[in-house]
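Asker: Mind having a look at this structure? Questions to follow.
There are 4 protein chains.
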Amino acid sequence: MKIVFYTAGGTIDKIYFDAKSDYQVGDPILDEILAEGNVTFAHESKTIMKKDSLDLTDHDRELIYRTIDEETNRLIILTHGTDTMVATARHLQSIRGKVVVLTGSMAPARFKSSDAPFNIACAVGAVQTLGEGVYICMNGRIFTPEEAVKNVDRGVFEKLPQR
Amino acid sequence: MKIVFYTAGGTIDKIYFDAKSDYQVGDPILDEILAEGNVTFAHESKTIMKKDSLDLTDHDRELIYRTIDEETNRLIILTHGTDTMVATARHLQSIRGKVVVLTGSMAPARFKSSDAPFNIACAVGAVQTLGEGVYICMNGRIFTPEEAVKNVDRGVFEKLPQR
Amino acid sequence: MKIVFYTAGGTIDKIYFDAKSDYQVGDPILDEILAEGNVTFAHESKTIMKKDSLDLTDHDRELIYRTIDEETNRLIILTHGTDTMVATARHLQSIRGKVVVLTGSMAPARFKSSDAPFNIACAVGAVQTLGEGVYICMNGRIFTPEEAVKNVDRGVFEKLPQR
Amino acid sequence: MKIVFYTAGGTIDKIYFDAKSDYQVGDPILDEILAEGNVTFAHESKTIMKKDSLDLTDHDRELIYRTIDEETNRLIILTHGTDTMVATARHLQSIRGKVVVLTGSMAPARFKSSDAPFNIACAVGAVQTLGEGVYICMNGRIFTPEEAVKNVDRGVFEKLPQR
Numbered sequence: 019m020k021i022v023f024y025t026a027g028g029t030i031d032k033i034y035f036d037a038k039s040d041y042q043v044g045d046p047i048l049d050e051i052l053a054e055g056n057v058t059f060a061h062e063s064k065t066i067m068k069k070d071s072l073d074l075t076d077h078d079r080e081l082i083y084r085t086i087d088e089e090t091n092r093l094i095i096l097t098h099g100t101d102t103m104v105a106t107a108r109h110l111q112s113i114r115g116k117v118v119v120l121t122g123s124m125a126p127a128r129f130k131s132s133d134a135p136f137n138i139a140c141a142v143g144a145v146q147t148l149g150e151g152v153y154i155c156m157n158g159r160i161f162t163p164e165e166a167v168k169n170v171d172r173g174v175f176e177k178l179p180q181r
Numbered sequence: 019m020k021i022v023f024y025t026a027g028g029t030i031d032k033i034y035f036d037a038k039s040d041y042q043v044g045d046p047i048l049d050e051i052l053a054e055g056n057v058t059f060a061h062e063s064k065t066i067m068k069k070d071s072l073d074l075t076d077h078d079r080e081l082i083y084r085t086i087d088e089e090t091n092r093l094i095i096l097t098h099g100t101d102t103m104v105a106t107a108r109h110l111q112s113i114r115g116k117v118v119v120l121t122g123s124m125a126p127a128r129f130k131s132s133d134a135p136f137n138i139a140c141a142v143g144a145v146q147t148l149g150e151g152v153y154i155c156m157n158g159r160i161f162t163p164e165e166a167v168k169n170v171d172r173g174v175f176e177k178l179p180q181r
Numbered sequence: 019m020k021i022v023f024y025t026a027g028g029t030i031d032k033i034y035f036d037a038k039s040d041y042q043v044g045d046p047i048l049d050e051i052l053a054e055g056n057v058t059f060a061h062e063s064k065t066i067m068k069k070d071s072l073d074l075t076d077h078d079r080e081l082i083y084r085t086i087d088e089e090t091n092r093l094i095i096l097t098h099g100t101d102t103m104v105a106t107a108r109h110l111q112s113i114r115g116k117v118v119v120l121t122g123s124m125a126p127a128r129f130k131s132s133d134a135p136f137n138i139a140c141a142v143g144a145v146q147t148l149g150e151g152v153y154i155c156m157n158g159r160i161f162t163p164e165e166a167v168k169n170v171d172r173g174v175f176e177k178l179p180q181r
Numbered sequence: 019m020k021i022v023f024y025t026a027g028g029t030i031d032k033i034y035f036d037a038k039s040d041y042q043v044g045d046p047i048l049d050e051i052l053a054e055g056n057v058t059f060a061h062e063s064k065t066i067m068k069k070d071s072l073d074l075t076d077h078d079r080e081l082i083y084r085t086i087d088e089e090t091n092r093l094i095i096l097t098h099g100t101d102t103m104v105a106t107a108r109h110l111q112s113i114r115g116k117v118v119v120l121t122g123s124m125a126p127a128r129f130k131s132s133d134a135p136f137n138i139a140c141a142v143g144a145v146q147t148l149g150e151g152v153y154i155c156m157n158g159r160i161f162t163p164e165e166a167v168k169n170v171d172r173g174v175f176e177k178l179p180q181r
């Protein structure tokens with residue numbers, strides 16, 4: 019089993035930049051999370067872009083689509099900002115032959131307390147057991163793109179009320 | 019979706035007992051892990067026993083079997099010591115109508131660095147997407163009881179070499 | 019013994035603001051640090067301002083001066099941005115009858131890895147054992163305002179080379 | 019400034035040993051604490067013994083005495099179990115020409131939540147500002163050996179009621 023992790027940015031990757039200070043945060047927070055989980059599956063991580071999901075354009079979504087569509091590995095986890103995660107998930111739905119799980123976090127992964135490690139690990143459990151398709155993994159739950167919605171007030175993902 | 023967490027003990031729950039000192043660790047480490055993951059699914063946690071898995075007897079395994087067999091909730095995560103996790107998983111295999119995922123950790127969940135949060139979260143992702151059956155979730159991978167073995171030297175779970 | 023903590027802002031208090039997301043970080047990171055240290059001394063915390071130390075004006079420094087000068091408690095820890103911590107410390111030097119220890123951090127206190135808890139605790143140890151005066155506590159060392167300088171390249175406080 | 023850290027054991031160093039499992043914890047937790055504090059002072063750490071402080075004998079205390087008495091560095095922090103920390107501190111009081119600060123923790127330093135980092139950092143702040151003598155640094159406070167007592171019920175160090 020191999021999982022390829024793509025990132026499109028979002029809060030999970032947020033770091034704090036201080037213009038004057040020389041403080042800088044390195045990248046490998048995903049590596050730290052996987053190392054703490056003592057994982058033994060093959061994995062690779064690639065950056066598509068580093069954007070607030072509110073700033074993602076149609077062009078950006080098209081780039082995400084093509085990148086994942088052309089990826090040869092079957093199991094893919096895409097970290098993404100939460101605000102437009104559902105929109106991107108819907109955009110990716112026509113991708114065939116892959117299991118794509120989108121996840122992210124409400125608090126930056128570098129924070130002492132963050133939902134990022136849980137979400138990444140939950141997505142790892144889901145991506146290898148789900149069938150072909152596109153899914154959202156947030157708040158310990160797996161959603162299809164059609165049924166998911168971010169409840170901005172509560173800061174959680176929910177199922178759309180059924181009509 | 020509701021997940022019922024059972025514990026049979028093991029390293030994941032290990033706490034440090036000091037005969038004389040009044041230092042005591044409370045129970046709700048699972049609650050902390052789920053709270054950090056900001057989970058929104060219904061869940062409940064129950065203790066079957068608190069034992070080193072090397073000390074589990076046939077009688078203990080029978081108690082675990084009956085407890086889970088009689089549980090009415092479909093999705094079950096059982097935390098268990100790693101040393102005999104495979105034996106217990108095999109013992110539970112005849113349980114029908116449920117998804118049972120066994121997990122645990124090499125380092126106690128209370129340690130600053132532990133594989134426990136990752137394993138719990140990975141099991142949460144897996145239990146809701148797997149079909150009926152008994153599984154082991156360790157090292158970011160999902161194993162069936164027949165194929166799993168703990169490599170004691172490396173401290174990880176592996177697939178048995180196929181004959 | 020009672021310690022009054024004042025904050026003038028700086029990286030130690032930095033939080034991540036996301037315009038659209040409802041993610042918000044509460045204040046009591048100092049309380050968390052002190053609770054983890056299981057401290058039993060009386061303490062109180064007050065905010066003078068919340069500014070990057072590069073943005074502090076003469077007027078701000080005057081406000082800090084007056085606030086601390088008028089404080090009736092003898093032991094004071096002032097958290098402050100590192101970039102102009104030395105300037106503020108020098109500005110406060112004419113305050114009499116108090117022990118004032120300035121500290122801060124290179125990484126926000128909310129980060130998983132941060133020098134903030136160490137610096138706060140080190141300042142707590144120092145403020146109750148130092149004599150009247152103004153001091154800087156950074157990198158596990160205690161400096162007088164005259165001898166301290168921030169080495170921006172190395173991201174640490176050092177003693178000025180003696181002439 | 020140089021600080022020499024000695025350890026005599028105690029909860030701060032406690033690790034969890036699992037007879038059968040190959041799980042083992044390395045030593046350098048003090049190094050991690052100092053690294054997180056981004057300290058720049060010279061330091062060295064040495065082990066005198068690794069014992070529960072309740073098991074320390076007169077012979078052990080004599081060994082601790084001699085080791086510290088013969089140490090050439092002036093600033094010394096001794097980590098020690100809390101249960102008999104006061105007894106050892108009193109035993110060391112005749113040592114001359116040094117500043118010796120005893121500290122420890124109620125929860126092992128490897129725990130996710132532990133008073134160890136705070137106590138170490140507080141001792142670092144105190145040892146370089148105190149005059150010659152032997153002190154206890156616990157709960158964010160500095161005690162002389164004569165006035166200190168561990169309140170076992172509350173799990174904190176206090177001043178003995180004055181007669």
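Chains as they are written, first to last, in our numbering: chain Y, 19 to 181; chain B, 19 to 181; chain E, 19 to 181; chain Z, 19 to 181. C-beta atoms are modelled at their ideal positions from N, C-alpha and C, and glycine is treated no differently. None of the values given here were measured: they were computed from a predicted structure.
(1) Nearest-angstrom Cα distance between ILE86(B) and ILE94(B)?
(2) Can you pull the chain E residues whose beta carbon is under 9 Å from the beta carbon of VAL104(Z), in chain order?
(3) Count the CB pairs spanning the stretch 20 to 34 of chain Z and the stretch 65 to 79 of chain Z that are closer than 8 Å, and state whether there are at least three.
(4) Against chain B, does ARG92(Z) count as a neighbour if the rule is that its beta carbon must be under 9 Å from one of theirs?
(5) Of the choices ALA60(B), ALA105(B), ASP101(B), whose alpha-carbon is the least far from that of GLU80(B)?
(6) Do LYS262(Y) and ARG92(Y) have their CB atoms nearer than 9 Å?
(7) Over the uninterrupted beta strand (DSSP E) stretch that includes MET67(E), give me the two end residues.
(8) So the alpha helix (DSSP H) GLU103(Z) belongs to, where does it begin and stop?
(9) Using a Cβ-based criterion (distance less than 8 Å to any ligand heavy atom), does THR90(E) qualify as near the ligand NAD?
(10) Residue range of the alpha helix (DSSP H) that PHE136(B) falls in?
(11) Closer than 7 Å by C-beta to ILE21(E): which residues in its own chain qualify, once you throw out the five before and the five after it? Chain order, please.
(12) Give the interface partners of PHE161(B) over in chain Z, defined as CB-CB distance under 7 Å, in chain order.
(13) Residues in its own chain within less than 7 Å of ASP171(B) by CB, not counting five upstream and five downstream?
(14) Classify HIS98(Y): buried if its beta carbon has 16 or more other beta carbons within 10 angstroms, exposed otherwise.
(15) How is LEU48(B) classed by DSSP in three states: helix, strand or coil?
(16) Relative to the C-alpha of LEU52(Z), which candidate in VAL174(E), ILE154(E), ASP133(E) has its C-alpha closest?
(17) Check the Cβ of VAL174(Y) against every Cβ in chain B and list those closer than 8 Å, keeping chain order.
(18) Check each residue of the stretch 104 to 132 of chain E: if its Cβ is closer than 7 Å to any Cβ of chain Y, include it; give the result in chain order.
(19) Taking the straight line between their C-alpha atoms, what separation do you get for ASN169(E) and SER123(E)?
(20) Mind pulling the chain Y residues with CB within less than 9 Å of ALA166(B)?
(21) How many whole angstroms separate the CB atoms of ASN157(B) and ASN56(Y), which I take to be in contact at a CB cut-off of 8 Å?
(22) I'd like to know whether the C-beta atoms of MET67(Y) and ASP49(Y) end up nearer to each other than 9 Å.
(23) Beta-carbon within less than 6 Å of ILE138(B)'s beta-carbon, same chain only, minus the 5 sequence neighbours each way: which residues are those?
(24) Quick check on ILE95(B): does DSSP put it in helix, strand or coil?
(25) For chain Y, is any of its Cβ atoms less than 9 Å away from the one on ILE51(B)?
(26) Are GLU54(E) and SER131(Z) touching if we call contact CB-CB under 9 Å?
(27) Are PRO163(Y) and ALA107(Y) touching if we call contact CB-CB under 9 Å?
(28) Starting from the Cα of VAL118(E), find the closest Cα among CYS140(E), PRO126(E), ILE47(E), VAL152(E) and give me that residue.
(29) Which one or two residues does DSSP pair with GLU176(E) in a beta bridge?
(30) Just the Cα atoms here: how many angstroms apart are THR19(B) and LYS177(Y)?
(31) Mapping DSSP to helix, strand and coil, what is ALA125(E)?
(32) Does DSSP put THR25(B) in a helix, a strand or coil?
(33) Using the rule of at least 16 other Cβ atoms within 10 Å of the residue's Cβ for burial, across every protein chain shown, is THR121(E) buried or exposed?
(34) Within 10 angstroms of the Cβ of THR90(E), are there 16 or more other Cβ atoms? Answer buried if so, exposed if not.
(35) Cβ of ARG180(E) less than 9 Å from any chain Z Cβ?
Answerer: Taking the geometry as given:
(1) Their backbone Cα atoms lie some 8 Å apart in a straight line.
(2) Ordered by position in chain E, no residue passes the 9 Å Cβ test against VAL104(Z), which lies about 16 Å from the chain.
(3) Between the stretch 20 to 34 of chain Z and the stretch 65 to 79 of chain Z, the count of C-beta pairs closer than 8 Å reaches three or more; the two stretches touch.
(4) No, ARG92(Z) does not count as interfacial toward chain B.
(5) For the residues ALA60(B), ALA105(B), ASP101(B), the minimum Cα distance to GLU80(B) belongs to ALA105(B).
(6) Residue 262(Y) is absent from the model: chain Y starts at 19 and stops at 181.
(7) MET67(E): member of the beta strand (DSSP E) spanning 60 to 69, first to last residue.
(8) For clarity, residue 103(Z) is Met in the given sequence; the question names Glu instead. Unbroken alpha helix (DSSP H) run through MET103(Z): 103 to 109.
(9) Looking at this structure, you won't find the ligand NAD or any other ligand, since it has none at all.
(10) For PHE136(B), the enclosing alpha helix (DSSP H) stretches over residues 134 to 145.
(11) Within the same chain, ILE21(E) has close Cβ partners PHE59, HIS61, LEU93, ILE95, VAL142, VAL145.
(12) PHE161(B) does not reach chain Z, its nearest Cβ partner there being about 19 Å away, counting only Cβ pairs nearer than 7 Å.
(13) By the criterion of a C-beta distance shorter than 7 Å, ASP171(B) is surrounded by no residue of its chain, once the five residues flanking it on both sides are discounted.
(14) Classification of HIS98(Y): buried, given that the 10 Å Cβ count is 16 or more.
(15) Here DSSP, grouped into helix, strand and coil, assigns LEU48(B) to helix.
(16) Ranking VAL174(E), ILE154(E), ASP133(E) by Cα distance to LEU52(Z) puts ASP133(E) first.
(17) Those within 8 Å of VAL174(Y) in chain B are ASN56, THR58.
(18) Within the stretch 104 to 132 of chain E, those residues whose Cβ lies closer than 7 Å to any Cβ of chain Y are, in chain order, MET124, ALA125, PRO126, ARG128, PHE129, LYS130.
(19) ASN169(E) and SER123(E): Cα-Cα distance of roughly 14 Å.
(20) Residues of chain Y passing the Cβ test: none, with the nearest at roughly 12 Å.
(21) So it is a contact: roughly 6 Å between Cβ atoms.
(22) For MET67(Y) and ASP49(Y), no; Cβs fall outside 9 Å.
(23) Contacts found: ILE51.
(24) The answer is strand: DSSP assigns ILE95(B) an E or B state.
(25) Yes, its Cβ sits closer than 9 Å to a Cβ of chain Y.
(26) GLU54(E) places its beta carbon less than 9 Å from that of SER131(Z).
(27) In contact: PRO163(Y) and ALA107(Y) (Cβ atoms closer than 9 Å).
(28) When only C-alpha atoms are compared, the closest one is VAL152(E).
(29) Residue pairing by DSSP places GLU176(E) opposite VAL167(E) in a beta bridge.
(30) Checking the sequence shown, residue 19(B) turns out to be Met, not Thr. For MET19(B) and LYS177(Y), the distance between alpha carbons rounds to 12 Å.
(31) Looking at ALA125(E) - three-state DSSP - the assignment turns out to be coil, as it is neither helix nor strand.
(32) DSSP places THR25(B) in strand when its eight states are reduced to three.
(33) Counting C-beta atoms within 10 angstroms of its own C-beta, THR121(E) has 16 or more neighbours from the protein chains shown and is therefore classed as buried.
(34) A residue is called buried once 16 or more other Cβ atoms fall within 10 Å of its Cβ, and THR90(E), having fewer, is exposed.
(35) Sequence check: residue 180(E) is Gln here, not Arg. The C-beta of GLN180(E) comes no closer than 9 Å to any C-beta of chain Z.
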